[in-house]
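Before any comments, here is the structure.
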Amino acid sequence: MPEPRLVEVRKNVLKQNDLAARALREQFRAAGVFVVSLVSSPGSGKTAFLEQTLTLLRRDYRVAALVGDLATENDAVRLARSQAPVKQITTGTLCHLEAAMVQNALQKWDLSDLDFLFIENVGNLVCPSSYDLGENLRLVLISVTEGEDKPLKYPTIFNSADVAVVTKMDLASAVEFDWQAAYGNIQAVRPGMQVLKLSAKTGDGMQEYFDFLKGQLEELRVGAAS
Amino acid sequence: MSIVELAEEEAVRRGVQITAIHLRLGALSGVVKEALLASYEMACDDSPLKGSRLVVEDVPVIIFCPSCQMQRPISSIQLFCCAECGTPTSEILQGKEIEVVALEIEECQSPV
Chain E
0 MPEPRLVEVR KNVLKQNDLA ARALREQFRA AGVFVVSLVS SPGSGKTAFL
50 EQTLTLLRRD YRVAALVGDL ATENDAVRLA RSQAPVKQIT TGTLCHLEAA
100 MVQNALQKWD LSDLDFLFIE NVGNLVCPSS YDLGENLRLV LISVTEGEDK
150 PLKYPTIFNS ADVAVVTKMD LASAVEFDWQ AAYGNIQAVR PGMQVLKLSA
200 KTGDGMQEYF DFLKGQLEEL RVGAAS
Chain S
0 MSIVELAEEE AVRRGVQITA IHLRLGALSG VVKEALLASY EMACDDSPLK
50 GSRLVVEDVP VIIFCPSCQM QRPISSIQLF CCAECGTPTS EILQGKEIEV
100 VALEIEECQS PV
C-alpha cells in the first residue's frame with residue numbers, strides 16, 4: 000500500500016469564469032460600451048426598473064439588455080416593450096449567470112453600436128456574487144418592501160456591488176420603510192458605497208440615477224481617450 | 000463541479016489517484032461550506048474521485064485598515080470595519096477565495 004502524499008496545486012476554482020470575464024471586459028472596453036449588471040432578490044423590481052431605464056435612456060443613448068431567467072421569457076417580452084434590443088438567457092436550473100453565457104448571448108451583437116449594455120442577473124442574492132461577468136458596474140437593488148436588513152443578511156452580494164439602488168420608494172411610507180436604517184446597513188457591509196433611491200413607477204429619483212450613469216459613461220470615454 | 004473536474008485533470012496529468020482535495024474557502028466567496036460538502040459526494044459519483052474527501056479550510060476576511068496602516072480582521076461579516084479601531088474600509092485583502100490548494104494522492108500501480 001503506497002503512502003498518501005500531499006501535493007500543492009493552488010488553483011482558483013472559478014478560474015474558467017474569471018478568464019471568460021476578462022475576455023468580456025476587454026471586448027467591452029474595445030467597443031466603448033458601459034456595462035451594468037443588475038442583481039437583487041426575486042421580486043425586487045429589477046425588470047420594471049430596467050424597462051423604465053431602457054425606455055427613458057434610449058431617447059439619448061444607444062442601449063440594450065441581456066436578461067437572465069430560469070425558465071420563462073416573460074422578462075424579455077416585458078423589456079422588449081421599451082423598443083431596445085433585448086435578449087433572453089434562459090439558465091434552466093442554474094441560479095446565476097456565468098461569463099460564458101454572456102459571451103454566447105452576445106455573439107451576434109455589434110457592441111460598438113451601444114453606449115450602455117444592461118445585464119439582468121437571475122433574481123438571487125447568493126450565487127451571482129461569485130461570478131464576474133466582465134461588467135463595469137454591479138448594481139444591487141433592494142426594494143423598500145424587503146426590509147432594511149437585507150444587506151446584513153446577504154453581505155457578500157452587497158460587498159461585491161459598486162452601487163446600491165433602493166427601489167419602490169413610492170411604497171416607503173406604506174411599509175414604514177426606515178431609510179436611515181437601510182442606508183446604515185448598506186454602509187456597514189460596504190463602506191463608502193453610493194446609494195440611490197427611486198421609484199421606477201412614479202419616476203421619482205430616476206433622473207439622479209440617469210445622471211449617475213451618464214457620469215460613469217463619460218468617465219469611461221475620457222479614460223479611454225487619454 | 001469544477002472542483003472535481005479540476006482535480007480529475009490533475010490526477011490524469013500526474014497519473015495518480017486522488018484521495019482528498021484541500022480547499023480554501025473565503026467567508027466572502029458566496030459558497031456555503033455545508034452545501035459544498037453535501038454536494039461533493041454527489042459530484043464525485045461516476046468519477047475517478049469517488050470515495051475521496053473534501054477538506055475545507057475556512058478563510059476569514061482580512062482588510063487593510065487605513066487608520067492602523069495594517070492588515071486587520073473585520074468586526075463581523077455584517078460590519079466591514081477594522082476589528083481593532085473600528086475604521087470602516089472596503090479594501091479587502093483576503094476572503095473571496097475558492098481555491099484548491101493541495102491534493103492527497105496515491106501513486107497508481109505501474110501499468111506494466
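In order, the protein sequence lines correspond to chains E and S.
No gaps in the numbering here: position 72 of the first sequence is 71 in numbering that gives the first Met the number 0, and each next residue is one more.
No gaps in the numbering here: position 18 of the second sequence is 17 in numbering that gives the first Met the number 0, and each next residue is one more.
C-beta atoms are modelled at their ideal positions from N, C-alpha and C, and glycine is treated no differently.
Please read these numbers as outputs of a predicted model, since none were measured by experiment.
- Simplified DSSP state of F211/E, which is helix, strand or coil: F211/E carries a helical assignment under DSSP once its states are collapsed to helix, strand and coil.
- Item | CB contact flag (A63/E, F27/E, <9 Å) | No, they are not a contact pair.
- Over the uninterrupted beta strand (DSSP E) stretch that includes G25/S, give me the two end residues. Looking at the DSSP string, the run of the beta strand (DSSP E) that includes G25/S is V15 to G25.
- Item | Minimum length 3: unbroken beta strand (DSSP E) runs contained in the stretch 129-175 of chain E | Segments of the beta strand (DSSP E) lying fully in the stretch 129-175 of chain E: 136-142 and 162-166.
- Item | Beta-carbon proximity list for K95/S, same chain, < 8 Å, skipping 5 on both sides | Within the same chain, Cβ atoms closer than 8 Å to the Cβ of K95/S are found at G25, L27 and S28, the five residues on either side in sequence being excluded.
- Rounded straight-line distance, which links the Cα of S38/S to that of A10/S: Distance between the alpha carbons of A10/S and S38/S is about 20 Å.
- Message: What would DSSP say about E98/S, mapped onto helix, strand or coil?
- Response: For E98/S, the three-state secondary structure derived from DSSP is strand.
- Should the stretch 87-101 of chain E be called in touch with the stretch 119-135 of chain E, which here means at least 3 C-beta pairs below 8 Å? As far as the Cβ criterion goes, the stretch 87-101 of chain E touches the stretch 119-135 of chain E, which means the pair count is three or higher.
- Query: A83/E lies in the beta strand (DSSP E); which residues open and close that run?
  - Reply: Boundaries for A83/E: no beta strand (DSSP E) harbours it, and the DSSP string shows neither H nor E there.
- Query: When the distance is taken between beta carbons, is T155/E closer than 9 Å to A199/E?
  - Reply: No.
- Y60/E: which of G42/E, T46/E and Q82/E sits nearest, CA to CA? Of all alpha-carbon atoms in G42/E, T46/E and Q82/E, the one lying nearest the alpha-carbon of Y60/E is that of Q82/E.
- Query: According to the Cβ coordinates, are L110/E and A30/E closer than 9 Å?
  - Reply: Yes; because the gap between Cβ atoms is below 9 Å, this pair is in contact.
- Assess, as a yes-or-no matter, whether the stretch 42-56 of chain S is touched by the stretch 15-25 of chain S under the definition of 3 or more beta carbon pairs within less than 8 Å. Because the criterion of three Cβ pairs below 8 Å is met, the stretch 15-25 of chain S and the stretch 42-56 of chain S touch.
- Establish whether the CB of K149/E and some CB of chain S are separated by less than 9 Å. At a cut-off of 9 Å between beta carbons, K149/E makes no contact with chain S.
- Query: Exposed or buried, what is V38/E when buried is set at 16 or more other beta-carbons lying within 10 Å of its beta-carbon?
  - Reply: Residue burial annotation: V38/E is buried, with at least 16 other C-beta atoms found within 10 angstroms of its C-beta.
- Query: What is the C-beta distance between N11/E and E98/S, in whole angstroms, given that I count them as a contact (C-beta under 8 Å)?
  - Reply: Your pair N11/E and E98/S checks out as a contact, with CB atoms roughly 5 Å apart and the cut at 8 Å.
- Query: Does the beta-carbon distance from C115/S to E83/S come in below 9 Å?
  - Reply: No answer is possible for residue 115/S: it lies beyond the span of chain S, which begins at 0 and ends at 111.
- Message: Residues of the stretch 181-212 of chain E in Cβ contact with chain S at a cutoff of 9 Å, in chain order, please.
- Response: Along the stretch 181-212 of chain E, the positions whose C-beta sits under 9 Å from a C-beta of chain S are N184, Q186, A187, V188, R189, P190, G191 and M192, read in chain order.
- Coil, strand or helix - I76/S by DSSP: Coil.
- Could you name the residues that DSSP lists as bridge partners for S36/E? S36/E is bridged to I118/E and R137/E.
- Message: Suppose the cutoff is 6 Å on Cβ atoms and the five residues either side in sequence are ignored; what does the same chain contact list for V162/E look like?
- Response: Excluding positions up to five away in sequence, the list reads L138 and Q193.
- Message: DSSP three-state label for L69/E, please.
- Response: Looking at L69/E - three-state DSSP - the assignment turns out to be coil, as it is neither helix nor strand.
- Task: Can you grab the Cα-Cα spacing for the pair A34/S / I2/S, in whole Å?
- Result: Linking A34/S to I2/S through their CA atoms gives a straight-line distance of about 14 Å.
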